[in-house]
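Undergrad: Before I ask anything, here is the structure I am working with.
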Amino acid sequence: MAYGILTEIFFYLFIILIVFGALVAVSSQILMKAVMGLAMAMFGTAGLYLYLNSPFLALMQILIYVGAVCIMIVFGIMVGYTPKQLAAYAIGPKNTILALVTSLLTLGVLQLGLSRTQWVQAQGAGGGDYSLAALGEVLMTRYGLAFELISVVLMIAMIGAVAITWNGKRRGLK
Amino acid sequence: MPPELLRMIIAAVLVVAFVFLNAMILGYMERKVSAHIQRRPGLMEVGPHGVLQLLIDGFKLIGKQLVVPEASNKFLFRLAPILSFAPCVLPFVVIPFAQKLQIASMDISLIFILAMTSINVIAILVAGWASNNKYSLFGTFRSVAQAVSYEIPLLLSILSIILITNTFSLQGIIAAQKYYWFILIQPLAFIIYFISGLAETNRAPFDMPEAESELTAGFHTEYSGMGFSFFFLAEYANMFTVCSIATVLFLGGWKGIPLPLGDYTGIFWFMLKVYGLLFVMIWIRWTFPRVRFDQLMTFCWKYLIPFSLANLLITAVLVKLI
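From first to last, the protein sequence lines are chains Z and P. Quick note on numbering: our numbering labels position 151 of the first sequence as 511, and the sequence is numbered without any gaps. Quick note on numbering: our numbering labels position 113 of the second sequence as 119, and the sequence is numbered without any gaps.
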């Protein structure tokens with residue numbers, strides 16, 4: 361197993377990529393830089409999927425989140441801001457409390473899910489069929505609704521991009 | 007060092023070298039073909055028939071100063087060329103140049119290529135916006151509207167091939183063309199793919215994003231030296247990718263008449279087909295005038311998309327029946 365150490369290194373590289381990207385995304389006042397951070401975090405997530413041996417999910421992550429969602433947000437920023445304009449932000453006490461509650465709640469729910477799940481090894485578990493053909497078959501029949509709902513993501517991204525730039529613009533004018 | 011890792015490093019070096027070589031060959035080809043179409047000799051000075059001109063141009067571009075405009079967003083301005091170049095190199099990893107010449111074989115090579123090419127749009131957006139120049143911004147707007155619209159007929163025409171072959175693997179698609187090329191049973195898909203490919207790579211008659219006569223140079227107006235070269239390399243690498251996918255999907259990939267070249271027969275036929283298609287791209291650029299932007303959009307939404315949808319539907323029905 362000469363690859364053991366190498367894969368470990370890549371795993372931590374992807375983690376660093378995600379954390380660094382996420383930090384840039386929330387801390388940069390130039391919105392375009394923030395989107396680049398978001399794209400970086402998405403690439404890191406795609407890398408984690410590769411680490412988990414599912415290249416299809418990794419490519420879908422890049423295709424949908426980097427190729428479509430980020431482009432939509434960038435397009436929104438492009439019409440609203442000039443390259444040196446900083447995004448105006450006002451974090452009041454009310455926002456801080458709301459943000460804290462939301463993030464703690466999300467953390468709690470995720471932690472609950474993580475601790476309650478019985479984890480099985482993906483490779484060779486239960487002798488199931490994990491090929492792309494089988495995945496397609498299941499997505500079209502058993503998980504048809506979930507598959508259709510995924511397409512809502514793009515619409516939400518579009519509305520979100522408009523909302524972010526609109527809001528920032530109005531505050532900036534004040 | 008494990009042999010697999012060594013193989014990957016050698017492959018990476020070869021791919022980057024090939025991207026540069028390809029840009030040189032195409033640059034020379036473009037200038038020579040355009041010259042002969044316009045009845046002038048073209049490059050003649052450096053080397054026999056000017057073959058070394060592009061090498062000299064490359065050295066000149068490396069030596070030039072990279073001017074960063076004062077009003078631009080400097081970090082993003084420097085980031086954009088790299089962002090444009092890096093994903094354009096990656097598709098070469100999965101392109102099957104010959105039966106045994108493919109760096110990494112994936113079940114989903116085709117999706118890999120599509121995912122990588124979709125990143126290029128972000129680079130154009132960032133480049134145009136960070137330059138803080140009105141020509142760049144206009145070029146960017148046009149480029150994105152064009153890339154997003156023409157991606158639909160492109161994907162639909164690929165999808166009708168996928169319906170026939172039932173695989174995303176490029177070697178699998180070539181293997182499915184055992185008796186005939188798919189251009190014979192999917193001529194409409196080939197035409198739609200090729201036109202959309204021209205638009206996706208911003209080639210004339212769809213070169214609205216860099217229409218020289220109205221926008222100076224579109225999204226890369228402010229770039230000089232290697233910044234410009236990276237966009238230039240990315241454009242030619244993209245052209246090669248588009249043509250090699252067309253070769254794999256419609257023209258039988260590396261298959262051809264057996265020649266006494268041993269293992270090199272496959273790569274000979276593959277390169278011949280790809281550079282043949284690239285020649286057609288250059289030929290189209292120098293013989294057709296640029297379209298207007300509204301004509302561009304009309305052509306995509308009113309003609310290409312309905313035709314590709316109809317083609318997909320008919321293919322689906324026929325595949326189900328046969």
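C-beta: ideal position from N, C-alpha, C; glycine also.
In chain P, what lies closer than 9 angstroms to residue 453 of chain Z by C-beta?
TA: Per Cβ cutoff of 9 angstroms: no residues; residue 453 of chain Z is ~32 angstroms from chain P at best.
Undergrad: Note down, in chain order, each residue of its chain lying with its Cβ closer than 6 angstroms to the Cβ of residue 249 of chain P, except the 5 sequence neighbours on either side.
TA: 280, 283, 284.
Undergrad: Of all the CB atoms in chain P, is at least one closer than 7 angstroms to the CB of residue 522 of chain Z?
TA: Residue 522 of chain Z does not count as touching chain P.
Undergrad: If you reduce the DSSP assignment to three classes, tell me which class residue 63 of chain P lands in.
TA: Here residue 63 of chain P sits in helix by DSSP.
Undergrad: So, residue 385 of chain Z versus residue 398 of chain Z, is the Cβ gap smaller than 7 angstroms?
TA: Taking 7 angstroms as the Cβ cut-off, residue 385 of chain Z and residue 398 of chain Z qualify as a contacting pair.
Undergrad: So which residues on chain P does residue 390 of chain Z lean against when the C-beta distance must stay under 9 angstroms?
TA: Going along chain P in sequence order, the residues near residue 390 of chain Z (Cβ under 9 angstroms) are 79, 81, 82.
Undergrad: Where in the region 112-178 of chain P do unbroken runs of the beta strand (DSSP E), each at least 3 residues long, occur, reported from the N-terminal end onward?
TA: As far as the region 112-178 of chain P is concerned, it has no whole beta strand (DSSP E) run of at least 3 residues.
Undergrad: Let me know the secondary structure DSSP gives residue 378 of chain Z once reduced to three states.
TA: Reduced to three states, the DSSP call for residue 378 of chain Z is helix.
Undergrad: Are residue 188 of chain P and residue 83 of chain P touching if we call contact CB-CB under 7 angstroms?
TA: It is not a contact, given that the beta carbons lie outside the stated cut-off.
Undergrad: Starting from residue 416 of chain Z, find everything on chain P with Cβ-Cβ shorter than 7 angstroms and list it in chain order.
TA: Simply 114.
Undergrad: Measure the alpha-carbon distance for residue 19 of chain P versus residue 377 of chain Z and round it to whole angstroms.
TA: Each residue's alpha carbon lies about 24 angstroms from the other.
Undergrad: What does the alpha-carbon distance come out to for the pair residue 310 of chain P and residue 295 of chain P?
TA: Distance between the alpha carbons of residue 310 of chain P and residue 295 of chain P is about 19 angstroms.
Undergrad: Output yes if chain P places a C-beta closer than 7 angstroms to the C-beta of residue 438 of chain Z; else output no.
TA: True, the Cβ-Cβ gap to chain P drops below 7 angstroms.
Undergrad: Quick one: complete alpha helix (DSSP H) runs, 4+ long, within the region 392-478 of chain Z?
TA: Correct list: 415-421, 431-440, 453-476.
Undergrad: Run the CB neighbour count on residue 404 of chain Z, radius 10 Å, all protein chains shown included, and call it buried at 16 or more, exposed below.
TA: Buried, since its Cβ has 16 or more Cβ neighbours within 10 Å.
Undergrad: Do we get a CB-CB distance below 7 angstroms when we pair residue 510 of chain Z with the residues of chain P?
TA: No, residue 510 of chain Z lies away from the interface with chain P (no Cβ there is under 7 angstroms from its Cβ).
Undergrad: Does the beta-carbon of residue 506 of chain Z have 16 or more other beta-carbons within 10 angstroms, so that it is buried, or is it exposed?
TA: So residue 506 of chain Z ends up on the exposed side.
Undergrad: Who are the neighbours of residue 307 of chain P on chain Z, taking C-beta pairs under 8 angstroms?
TA: Near residue 307 of chain P there are no residues of chain Z at all, since even the closest Cβ is about 18 angstroms away, more than 8 angstroms.
Undergrad: With a threshold of 7 angstroms between beta-carbons, can residue 419 of chain Z be considered close to chain P, or not?
TA: Yes, because at least one Cβ of chain P sits closer than 7 angstroms to the Cβ of residue 419 of chain Z.
Undergrad: Should residue 166 of chain P and residue 321 of chain P be called a contact, given that it needs their Cβ atoms to be closer than 7 angstroms?
TA: Yes. Within cutoff.
Undergrad: Cβ atoms of residue 225 of chain P and residue 130 of chain P: under 7 angstroms apart, would you say?
TA: Against a cut-off of 7 angstroms, the Cβ pair of residue 225 of chain P and residue 130 of chain P comes out as a contact.
Undergrad: Taking the C-alpha atoms as reference points, what is the distance between residue 461 of chain Z and residue 518 of chain Z?
TA: For residue 461 of chain Z and residue 518 of chain Z, the distance between alpha carbons rounds to 26 angstroms.
Undergrad: Return helix, strand or coil for residue 261 of chain P, following the three-state DSSP convention.
TA: Three-state DSSP puts residue 261 of chain P in coil, outside helix and strand.
Undergrad: If we define contact as Cβ-Cβ less than 7 angstroms, is residue 468 of chain Z a contact residue for chain P?
TA: Chain P, which has no Cβ nearer than 7 angstroms to the Cβ of residue 468 of chain Z, makes this no.
Undergrad: Between residue 412 of chain Z and chain P, is any beta-carbon pair separated by less than 7 angstroms?
TA: Chain P, which has no Cβ nearer than 7 angstroms to the Cβ of residue 412 of chain Z, makes this no.
Undergrad: Could you spell out the range, first to last residue, of the alpha helix (DSSP H) harbouring residue 269 of chain P?
TA: Careful: residue 269 of chain P lies outside any alpha helix (DSSP H) and carries neither H nor E.
Undergrad: Any contact between the region 261-268 of chain P and the region 109-123 of chain P? By contact I mean 3 or more CB pairs, one from each, below 8 angstroms.
TA: The region 261-268 of chain P, when compared against the region 109-123 of chain P, does not touch it at the 8 angstroms Cβ threshold.
Undergrad: So, at 6 angstroms on beta carbons, what are the nonlocal neighbours of residue 235 of chain P in its own chain, with the 5 sequence-adjacent residues on each side left out?
TA: 67, listed in sequence order.
Undergrad: Give me the Cβ distance between residue 37 of chain P and residue 49 of chain P, rounded to the nearest whole Å; I'm assuming they're in contact under 8 angstroms.
TA: Right, the Cβ-Cβ distance comes to about 6 angstroms (below 8 angstroms), so this counts as a contact.
Undergrad: What are the residues of the region 105-139 of chain P that lie near chain Z, defined by any Cβ-Cβ distance shorter than 9 angstroms?
TA: Per Cβ criterion, the list reads 112, 113, 114, 117, 118, 120, 121, 122, 123, 124, 125, 127, 128, 131, 132, 134, 135, 136, 137, 138.
Undergrad: Would you say residue 365 of chain Z lies against chain P (beta-carbon separation less than 7 angstroms)?
TA: Cβ-Cβ to chain P under 7 angstroms: no for residue 365 of chain Z.
Undergrad: Name the two residues that bound the continuous alpha helix (DSSP H) containing residue 304 of chain P.
TA: Taken as a continuous stretch (DSSP letters only), the alpha helix (DSSP H) holding residue 304 of chain P covers 299-304.
Undergrad: Would you check if the distance between the CB atom of residue 128 of chain P and the CB atom of residue 431 of chain Z is smaller than 7 angstroms?
TA: Yes, Cβ-Cβ distance for residue 128 of chain P and residue 431 of chain Z is below 7 angstroms.
Undergrad: How about the region 135-144 of chain P and the region 232-247 of chain P: do they share at least three Cβ pairs that are nearer than 8 angstroms?
TA: Flag = no, the region 135-144 of chain P and the region 232-247 of chain P do not touch.
Undergrad: List the residues of chain Z that residue 150 of chain P touches, going by C-beta distances under 8 angstroms, in chain order.
TA: Per Cβ cutoff of 8 angstroms: 431, 435.
Undergrad: If you measure between the beta carbons of residue 260 of chain P and residue 17 of chain P, is that distance less than 7 angstroms?
TA: Contact: no.
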